[in-house]
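Residue numbers (my numbering), protein chains in the order written: chain B, 1 to 396; chain U, 397 to 891.
Using N, Cα and C, we set each Cβ at its ideal position, and we do this for glycine too.
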Amino acid sequence: MTRFRPDDERDLAQIITAAVAQEEPLEIVAGGSKRGLGRPLQTPHVLDMTAFSGIRDYEPEELVLTAGAATPMPEIEAALAAKGQMLAFEPPDWRGVFGGTGAPTLGGVIACNLAGPRRIKMGAARDHFLGFRAVSGRGEAFKAGGKVVKNVTGYDLAKLIAGSYGTLAVVTEVTVKVLPLAAEERTLVLHGLDDARALHAMAEALNSSHELSGAAHLPAGASGGDRPLTALRLEGPLPSVMARAEALARELGAFGLAETLATPPSRALWRAVREGAPLASDRTRVLWRCSVPPSAGPALAAAVSRAVDARSFFDWGGGLVWLAVPGAGDGGAAVIRAAVAASGGHATLLRAPDALRAAIPVFEPQAPALAALTRRVKDAFDPKRILNRGRMYADV
Amino acid sequence: MRMPTPDAAVIARRAEIAAALRAIVPSEAVIDSDGERRAYESDGLTAYRQPPLLAVLPSTTDDVARILRYCHEAGVKVVPRGAGTSLSGGALPLADGIILGLGKFNRILDIDFANRCAVVQPGVTNLGITLAVQHAGFFYAPDPSSQIACTIGGNVAENSGGVHCLKYGVTTNNLLGIEMVLMNGEVLRLGGKHLDAEGYDLLGVMTGSEGLLGVVTEVTVRLLKKPTTARALLVGFPSNESAGNCVAEIIAAGIIPGGMEMMDKPAIHAAEDFVHVGYPRDVEALLIVELDGPAAEVDHLIAAVERIARANQAMSCRISQSEEERLAFWAGRKAAFPAVGRISPDYYCVDGTIPRKRLPEVLTEMRALSEKHRLRVANVFHAGDGNLHPLILYDANEPGELERAEEFGADILRFCVAVGGVLTGEHGVGVEKRDLMPAMFDAVDLDHQQRLKCAFDPDGLLNPGKVFPQLHRCAELGRMHIHRGQVPFPDLPRF
């Protein structure tokens, strides 16, 4: 096992070229916080990208930031916060999920296309990823996209790279769109709703004109108490969040009296939702994350619960279902995949022991034509399958 | 602009190809007469014209799959077409290729308010989606200026924007799923009513791929609730610099307006002469800033924007007091293109994006280029996101003026790239900006893009001659220039 630590793009291209020549795959790491995400790798070498770190260019009034791919997220977030800005897709940290110690990096967040509760309003990492520099699995340095917020020049390769888990190219530099932090937030909390009724409350709120930036439901247990909790977040200038919180509470009167959380407790609640905290702490269980049509969320959780001992909570207005199930057997895979197939969407085995993640698909299995296209795309960028081989699918 | 040399052997097979297509779709859905083919000879970039080999108008996904499979096997090129409103020649036909017209795919299949989305066929117009859902207070956010005519399938192909995209995003941020057909006839579904892709984000890749990767046969879009309130400010400035500073300070204050449009003096005068909505004539730059959202927020932000405008030498500042007044503010901007069309026999709309802070020098350069090319230019500008639309005035009947207008436009776009911007913000590369691609991307960059094309369409039959200045064979692009043993393995310890 060799650990390569390139200092610059030329170095990196040379290492990849050599790995191609030897046909010896590389595992790409920086902070290493999400090494447990995806299929476990058994590569002969590790490619340590930590040298590609640092903010290169940040112009708040242009809404654009360029940084080395291995720049730690805390550094990015601190620089943005100092100018009253943020990455609006609310990227999770997930050290609490995977138990890692190294800080997540901007490149890692993008490679996994992460997003937090604000996904429903502001999109995921892919929606804020404007351009990049990278070295492909052909050992060639290339760039794509741009450093401005609006650009349709050529194929949108940034979309392809976001969520490709390092299997197509090793990204060295990232340009992202940044947005202003909201001055204030308020969260309305409804207590005691069952899953189906919580779904109705969330849908009514999301279908209102109050521009929600979060809608989550924590059933009893996941809520930290013996009563379910339904949370609805509003962000903006103070007069706006006050007026909207009051109006929304009135409109949702049929669902009971809403408690209103001010900015600090609201932030703490949404951080917990973002990090999967309601379920992640029980390390005896495996974690699944299912993206489905919002109206299908509660039915999916109910179907899974009928077959296995599952705990769940809901984000994205019901469209993101977190499930914690016992790790025995297939870790609930058969029943979860069947339920997702019925509703449409996809399920990811987010956290499980290596043996289980090697034995069953981590990501949603693809239909044959799509799987074939996926392999052709992999071949276009990494024909010798050097980069993170097997991270997403056994042969990719 | 040179298109690939047509294949005379394919043109000679027109009757045979028409007959084969008539075995797939009804006879009248294949258009092969000289007169009728001419209806398809151009899109929104009217300087270029070429009747297609023939046009075929399928009705179902199965029709599309069978047509593409036939063309794949028969080696016939295909140009997909929605409403043909592309401003970059994305739907420009080929003499040896068929037009695949998707106008019959015009049904709205499913409106799902519980999941805040709609499933529509690709030939539905952009505005048609909003019209179908506005009774319930919803809308589809991207609003390209051609929204009354352009189709959602074309919007996917071009990743269309509009005046509200700084706040609401462009097409790619508002799509949930598509059904599409590959050139080999395989049908794929990407996404659905849920968020984010399973596997590679091929939905994101398809969006803005200008019809080169596949044919979209169904689209699922996100629906948003219409904001309860929208109000606008109309602000005049003594210089482009002061207007630009005002825009930067609005953003720096943490305000993302629903729309923020700027016009320069020639555009202001052309618009005011045309629609008479009370635009000030004595200003150098005019800014329309629209705030939308909950009433309490809009009132709060309007006051903040007004303070910033006054601090930046605003010569006039009007705040809309009614919906009529807000629409009047917009009327001039929305009529800018026809207004310019009134004062010049022809105009050429350019589309580039720049870092906003470079606006004053870009406008200065544009004035110099205007003198160099001896053509007038008026500017409208999506100020919030740095997307410029210079309108170059020319007369196509004057020999050489079209060529001068195109060279002027190319100079502008090269300058956009030179200051850190890009060749196109929302109109696409098409044939129009194809040969400028090397100004922004080197050969290795372009090869990586073309290899993606090879994964979707290895024979290069789908919309060839667009986007890429040079076509390479996929076999050549796939070759690896590495030979075992020739590269020393860098076995230094590098911990």
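Short CB-CB distance (under 8 Å) between residue i and chain B
i, result
"LYS589 of chain U", "yes"
"PHE811 of chain U", "no"
"THR603 of chain U", "yes"
"ARG890 of chain U", "Interpretation of ARG890 of chain U is limited by its pLDDT of 38, a score under 50 that renders its predicted location unreliable; the figure taken from the coordinates is listed afterwards. Taking Cβ atoms only, chain B reaches closer than 8 Å to ARG890 of chain U, which makes this a yes."
"ASP781 of chain U", "yes"
"GLN530 of chain U", "no"
"LEU584 of chain U", "yes"
"PRO690 of chain U", "yes"
Three-state secondary structure (DSSP) of residue i
i, result
"MET579 of chain U", "coil"
"PHE864 of chain U", "coil"
"TRP726 of chain U", "helix"
"HIS200 of chain B", "helix"
"SER291 of chain B", "strand"
"LEU888 of chain U", "For LEU888 of chain U, the pLDDT reaches just 42, beneath the cut-off of 50, and the residue's location in the model is therefore unreliable, leaving the point undetermined."
"GLY655 of chain U", "strand"
"LEU591 of chain U", "coil"
"CYS513 of chain U", "strand"
"ALA231 of chain B", "strand"
"HIS696 of chain U", "helix"
"PRO6 of chain B", "coil"
"ASN641 of chain U", "helix"
"ASN783 of chain U", "strand"
Endpoints, the beta strand (DSSP E) within which residue i is located
i, result
"TYR58 of chain B", "55-59"
"GLY317 of chain B", "Here GLY317 of chain B belongs to no beta strand (DSSP E), and DSSP marks it neither H nor E."
"GLY343 of chain B", "It is worth fixing the name first, because residue 343 of chain B is Ser in this sequence and not Gly. Segment 333-343 is the alpha helix (DSSP H) holding SER343 of chain B; no beta strand (DSSP E) there."
"ILE161 of chain B", "It is not in any beta strand (DSSP E) - ILE161 of chain B instead sits in the alpha helix (DSSP H) that spans 157-161."
"CYS745 of chain U", "742-745"
"GLU561 of chain U", "The displayed chain sequence assigns Cys, not Glu, to residue 561 of chain U. Segment 561-564 is the alpha helix (DSSP H) holding CYS561 of chain U; no beta strand (DSSP E) there."
"THR348 of chain B", "346-351"
"PHE98 of chain B", "It is not in any beta strand (DSSP E) - PHE98 of chain B instead sits in the alpha helix (DSSP H) that spans 95-98."
8 Å CB neighbourhood of residue i in its chain, flanking five on each side removed
i, result
"CYS513 of chain U", "LEU572, LYS589, THR616, VAL617, ARG618, LEU619"
"VAL815 of chain U", "ILE750, PRO751, ARG754, GLU757, VAL758"
"ASP309 of chain B", "VAL325, PRO326"
"ARG810 of chain U", "LEU832, ALA835"
CB contact below 8 Å: residue i versus chain U
i, result
"GLY108 of chain B", "no"
"ALA144 of chain B", "yes"
"GLN42 of chain B", "no"
"TRP316 of chain B", "yes"
"GLY163 of chain B", "yes"
"GLU235 of chain B", "no"
Delimiting residues of the alpha helix (DSSP H) encompassing residue i
i, result
"PRO264 of chain B", "263-274"
"TYR536 of chain U", "No alpha helix (DSSP H) contains TYR536 of chain U, which DSSP labels as neither H nor E."
"GLU606 of chain U", "Neither: GLU606 of chain U is in no alpha helix (DSSP H) and is coded neither H nor E."
"ALA416 of chain U", "410-418"
Cut-off 6 Å between Cβ atoms - residues of its own chain near residue i, not counting five sequence neighbours on either side
i, result
"LEU47 of chain B", "PHE4, LEU26, ILE28"
"THR50 of chain B", "ALA30, ALA70"
"ASP506 of chain U", "VAL515"
"ASP688 of chain U", "PRO623, ALA626, GLY654"
"ASN775 of chain U", "ASP660, ALA663, PRO786"
"VAL685 of chain U", "LEU629, PRO653, MET656, VAL701"
"GLY821 of chain U", "ASP747, THR749, ASN783"
"TYR393 of chain B", "none"
"ARG465 of chain U", "GLY581"
Close beta carbons around residue i, own chain, < 7 Å, minus the five adjacent residues each side
i, result
"VAL842 of chain U", "According to the sequence shown, residue 842 of chain U is Leu rather than Val. The residues are MET833, PHE864."
"SER638 of chain U", "ASN708, GLN709"
"ASN555 of chain U", "VAL566, THR567, THR568, THR603, GLY604"
"ALA103 of chain B", "GLY31, SER33, PRO72, MET73, PRO74"
"PRO180 of chain B", "GLY84, GLN85"
inquiry  = Does the structure place the stretch 645-664 of chain U close enough to the stretch 600-608 of chain U that three or more beta carbon pairs sit under 8 Å?
reply    = no
inquiry  = I want to know whether the stretch 223-235 of chain B touches the stretch 258-277 of chain B - three or more CB-CB distances under 8 Å.
reply    = yes
ask   = With contact counted as at least three CB pairs below 8 Å, one residue from each stretch, are the stretch 536-544 of chain U and the stretch 487-495 of chain U in contact?
value = no
query = Three or more C-beta pairs closer than 8 Å, one from the stretch 288-300 of chain B and one from the stretch 88-106 of chain B: is that the case here?
reply = no
query = When the Cβ atoms of the stretch 539-550 of chain U are set against those of the stretch 475-487 of chain U, are three or more pairs found closer than 8 Å?
reply = yes
message = Whether or not the stretch 108-121 of chain B and the stretch 79-89 of chain B are in contact is what I'm after, with contact meaning three or more pairs of Cβ atoms, one per stretch, closer than 8 Å; do they touch?
response = yes
ask   = Between the stretch 65-85 of chain B and the stretch 190-201 of chain B, are three or more C-beta pairs nearer than 8 Å?
value = no
ask   = Is the number of C-beta pairs between the stretch 411-425 of chain U and the stretch 372-392 of chain B that are closer than 8 Å three or more?
value = no
query = Touching or not, the stretch 279-288 of chain B and the stretch 340-352 of chain B, by the rule of three or more beta carbon pairs under 8 Å?
reply = yes
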